[in-house]
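Novice: Going by UniProt numbering, the sequence shown opens with residue 1, and the numbers climb by one from there.
Using N, Cα and C, we set each Cβ at its ideal position, and we do this for glycine too.
Dropping the structure in here first, questions after.
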Amino acid sequence: MTANPLAPVWLSQPEDANDLPTAVWPGDAHRTPSGELRLGGVSAAELIAAHGTPLYVVDEADARARARGFREAFERECARIGTGVTVYYAAKAFLSSAVAEWMTGEGLSIDVCSAGEFAVAQAAGVAPARMGFHGNNKSVAEIDAAVEAGIGAIVIDSPIEVERIAAAARRHGRVQAVRLRVNSGVHAHTHDFLATAHEDQKFGISLADAPAVVASIRSHPGLAFLGLHCHIGSQIFGPEGFEQSAARLLALHAELLAGGEIPELNLGGGFGIAYTSVDDPTPVDVLARQIADIVAVECAGLGIAVPHLAFEPGRVIIGPSTVTLYTVGTVKPVTVSVGEPGAQDAALTHTDMTHTDMTHTDMTGIQSPTAVRTYVSVDGGMSDNARPALYGADYTVRLANRRSGAEPALVRIAGKHCESGDIVVYADYLPGDVEPGDTLAVAATGAYCWSLSSNYNYLGRPPVVAVLGGEARLIMRGETIDDLLARDPGIGAATRKAPTAQRVS
């Protein structure tokens, strides 16, 4: 088989477009003998019959196992170097009351960054003492409510927050534990919007400014300085960025010890996952060992005790556990000139034109080779997964309702929104007989998909279903047209018709 020349260079044409790459899908995902996808023991057809599409499906056992595995790996490696660890689940990846219960049930704490996330975690029964509060612009009201409730720690993101948190601590007669977020200057190898430790960005303060801010923190009897915090970015595959960042943070940590005890060091999160078969993130147990060794070596060189460590994983736990189901609406083959700018999706070095079907004559009369890309449009899009539009993120897609023996065809999965950039999957291979009515499954959609979802074009946010042991339960209700109309005070209840109670898609 010859690959389509429009395919990106990283994407190989599979021998079987029905295969489910194990690194990308939840651990229990498999096909039945008839070819239907099953998640957590529940078939795609059962899930769609009950909840429609688009639909996020979370494998509870998979999510719990990843949370437990992360905690155990870092506990084991931190104990080996003579220290302890606190693992916070980064709620911004995806939060619901059920997910909060799973995470705390597996021994994790919760990291929140808004009053809303804080409220959901509290409603789920998470003790405020097991939470950390992030954010570059926490309001005075958010700070006050967190301190009053007994939040475990607040991450100071700018000098002005020192006074605000100290004032809240005085009002409520508390000693509030705080961390200071600093920018280590280490640039993670990721999208610019995901790299968060360089100096010219909204989060944290520079290493050079940190001593003065720490001195200010220590001047307030109502504040307890826990230590430094840094987050170098997201979707990071190896230890190199953590190594550089830890070295700089620990050098500052050692300097600050002259002014008093510093019990911990928070190295943040950003651990990457596989979205496609070519992604190769470092396994969590290996990464835990590597990071622990890095910290131990640096502390030994500085002649200081290894501090208690803290981490904030989100995507690496919830991302791979979740799949989004869609229904195909239209299938449209599009003939594209291979020489057209951008046509090859970064495959500009691809020279094999044997797959081309015809030639195209441009305005100069010169014929250029063409190839076919099949656009498959689904009933969701950038309103339920904004990451491809925001970051050019790649995903993996498969047929979920059947197995097909048709030859693989290069597809682009498009959403239904009125935007040319409304793409769900830029490039993958599906069986060439994909047709309207088919069910598609897009893998690894647990992180930042529901969290970033919107009502663009007045589509409702999809529901989220958890599957476990052959049972499915709704953990986030989907929005109906009535839900959307109810927010508009200019629309009276009497004007709503019965059919509007249906799902919005």
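Would you mind stating whether G84 and H308 have Cβ atoms separated by less than 9 Å?
Specialist: Position 84 of the sequence shown holds residue 84. Position 308 of the sequence shown holds residue 308. A contact, by the Cβ cut-off of 9 Å.
Novice: Identify which residue in G259, L249 and I318 has its Cα closest to the Cα of I273.
Specialist: Reading the sequence shown from its first residue, position 273 is the one you call residue 273. For the residues G259, L249 and I318, the minimum Cα distance to I273 belongs to I318.
Novice: Which one of A386, V295, D280 and C230 has the shortest CA to CA distance from V425?
Specialist: For the purposes of this step, residue 425 is identified with residue 425 of the sequence shown, where counting begins at 1. Nearest C-alpha to V425: A386.
Novice: Which residues mark the beginning and the end of the alpha helix (DSSP H) in which R181 is found?
Specialist: Residue mapping note: residue 181 aligns to position 181 of the sequence shown, counting from 1. No alpha helix (DSSP H) holds R181; the beta strand (DSSP E) holding it covers Q176 to N183.
Novice: What does the alpha-carbon distance come out to for the pair G204 and W10?
Specialist: Numbered from 1 along the sequence shown, position 204 holds the residue referred to as residue 204. Numbered from 1 along the sequence shown, position 10 holds the residue referred to as residue 10. Cα to Cα, the separation comes out at about 35 Å.
Novice: By how many angstroms is the C-alpha of L468 removed from the C-alpha of A124?
Specialist: On the sequence shown, residue 124 is found 124 positions in, with the first residue counted as 1. On the sequence shown, residue 468 is found 468 positions in, with the first residue counted as 1. Each residue's Cα considered, the two are about 19 Å apart.
Novice: Among Q201, F118, V57 and I413, which has the Cα closest to the Cα of D157?
Specialist: Taking the first residue of the sequence shown as position 1, residue 157 is located at position 157. Considering only alpha carbons, the answer is Q201.
Novice: Opposite N266 in the DSSP bridges: which residues?
Specialist: Start at 1 with the first residue of the sequence shown, and residue 266 comes out as number 266. H229 and A310, per the DSSP bridge assignment.
Novice: Whole alpha helix (DSSP H) runs in the stretch 84-156 with 4 or more residues, listed along the chain?
Specialist: Taking only runs of at least 4 residues, the alpha helix (DSSP H) segments lying wholly in the stretch 84-156 are 97-105, 115-123 and 140-149.
Novice: Please name the residue, chosen from S139, V162 and R130, that lies closest to A153 on a Cα-to-Cα basis.
Specialist: Along the sequence shown, read from residue 1 onward, the residue named residue 153 stands at position 153. Nearest of S139, V162 and R130 to A153, Cα basis: R130.
Novice: Check whether the Cβ atoms of L325 and P54 sit closer than 9 Å, and answer yes or no.
Specialist: As a working note, residue 325 is residue 325 in the sequence shown. As a working note, residue 54 is residue 54 in the sequence shown. Cβ distance < 9 Å, so L325 and P54 count as in contact.
Novice: By the DSSP assignment, the beta strand (DSSP E) with V284 in it spans what residues?
Specialist: Taking the first residue of the sequence shown as position 1, residue 284 is located at position 284. Looking at the DSSP string, V284 is not in any beta strand (DSSP E); the run it does join, the alpha helix (DSSP H), is V284 to L302.
Novice: Looking only at its own chain, which residues have a Cβ that is under 7 Å from the Cβ of P128, when we skip the five neighbours before and after it?
Specialist: Taking the first residue of the sequence shown as position 1, residue 128 is located at position 128. So the list reads Q122, A149, G150, I151 and G152, once near-sequence residues are dropped.
Novice: Rounded to whole angstroms, what is the Cα-Cα separation between P489 and N457?
Specialist: In the sequence shown, counting from the first residue as 1, residue 489 sits at position 489. In the sequence shown, counting from the first residue as 1, residue 457 sits at position 457. Rounded to the nearest angstrom, the two C-alpha atoms are 19 Å apart.
Novice: Taking DSSP as the reference, what is the three-state secondary structure of D438?
Specialist: In the sequence shown, the residue the question calls residue 438 occupies position 438. Correct three-state label for D438: coil.
Novice: Please say whether G303 and G270 have beta carbons closer to each other than 9 Å?
Specialist: In the sequence shown, counting from the first residue as 1, residue 270 sits at position 270. In the sequence shown, counting from the first residue as 1, residue 303 sits at position 303. No. Outside cutoff.
Novice: Around the Cβ of A210, are there at least 16 other Cβ atoms within 10 angstroms (buried) or fewer (exposed)?
Specialist: Locating residue 210 in the sequence shown gives position 210, counting from the first residue. A210 is buried by the Cβ-count criterion.
Novice: Which residue spans inside the UniProt domain "Orn/DAP/Arg decarboxylase 2 C-terminal" (368-446) form an unbroken beta strand (DSSP E) run of at least 3?
Specialist: List check, beta strand (DSSP E) in window: 397-399, 408-414, 423-431 and 439-443.
Novice: Given this structure, state the Cα-to-Cα distance separating A389 from G415, to the nearest angstrom.
Specialist: Position 389 of the sequence shown, counted from the start, is the residue given in the question as residue 389. Position 415 of the sequence shown, counted from the start, is the residue given in the question as residue 415. Roughly 11 Å separates the two Cα atoms.
Novice: What is the residue span of the beta strand (DSSP E) that D483 lies within?
Specialist: Locating residue 483 in the sequence shown gives position 483, counting from the first residue. Where D483 is concerned, there is no enclosing beta strand (DSSP E), although the alpha helix (DSSP H) it sits in stretches over I481 to A486.
Novice: Grouping DSSP H, G and I as helix and E and B as strand, with all else coil, what is H198?
Specialist: As a working note, residue 198 is residue 198 in the sequence shown. Residue placement at H198 is flagged as unreliable, the pLDDT there being 47, under the threshold of 50; the coordinate-derived value follows with that caveat. If DSSP states are grouped into helix, strand and coil, H198 belongs with coil.
Novice: Going by alpha carbons, who is nearest to R174 out of V316, P408 and A224?
Specialist: Working through the sequence shown from its first residue, we reach residue 174 at position 174. That would be A224, whose Cα lies nearest to the Cα of R174.
Novice: Tell me the rounded alpha-carbon separation between S420 and V214.
Specialist: Taking the sequence shown and counting its residues from 1, the one referred to as residue 420 is at position 420. Taking the sequence shown and counting its residues from 1, the one referred to as residue 214 is at position 214. Going from the Cα of S420 to the Cα of V214 covers about 48 Å.
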